[in-house]
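*Asks:* Start counting the sequence shown at 1; every next residue gets the next number (the UniProt record's numbering).
Yeah, the Cβ is synthetic: ideal placement off N, Cα and C, and Gly gets one too.
Got a structure here, written out as structure tokens. Questions coming.
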Amino acid sequence: MLNKLWILLSGLLVVAMPSAQAGELNLYSMNTGSYVYHMTGNHGQYNEHFNNNFFSVERKFSQDSKYSVLVGNDEKQL
Numbered sequence: 001m002l003n004k005l006w007i008l009l010s011g012l013l014v015v016a017m018p019s020a021q022a023g024e025l026n027l028y029s030m031n032t033g034s035y036v037y038h039m040t041g042n043h044g045q046y047n048e049h050f051n052n053n054f055f056s057v058e059r060k061f062s063q064d065s066k067y068s069v070l071v072g073n074d075e076k077q078l
């Protein structure tokens, strides 16, 4: 439930900001990491493939910046 609320609030924040211009909206991205493959061998400590519940919102500092701020969660199914 908390995860769905977080997704809804993040989406509303990005869409409903009246002061944001179209160019600024291009600085935001959302990631749902629903597929994760571990190259170093998964020995049961992490969920793999579609069992991960990862969601993040990222904002670049500027169009040409290679740095950004990422906020997200990783809720593992045990």
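Do Lys60 and Leu25 have their C-beta atoms within less than 8 angstroms of each other?
*Replies:* Cβ distance not < 8 angstroms, so Lys60 and Leu25 don't count as in contact.
*Asks:* Ser10 and Met30 - do their beta-carbons sit closer together than 8 angstroms?
*Replies:* Yes; because the gap between Cβ atoms is below 8 angstroms, this pair is in contact.
*Asks:* Around the Cβ of Val71, are there at least 16 other Cβ atoms within 10 angstroms (buried) or fewer (exposed)?
*Replies:* Exposed, by the Cβ-count rule.
*Asks:* Whose C-beta lies closer than 7 angstroms to the C-beta of Ser68 among residues of the same chain, with five residues either side of it excluded?
*Replies:* The residues are Glu58, Arg59, Lys60 and Phe61.
*Asks:* Ignore the nearest five residues each way along the sequence and tell me which others in Trp6's own chain have a CB closer than 8 angstroms to its CB.
*Replies:* Closer than 8 angstroms at the Cβ level, and outside the excluded window around Trp6, lie Phe55 and Asn73.
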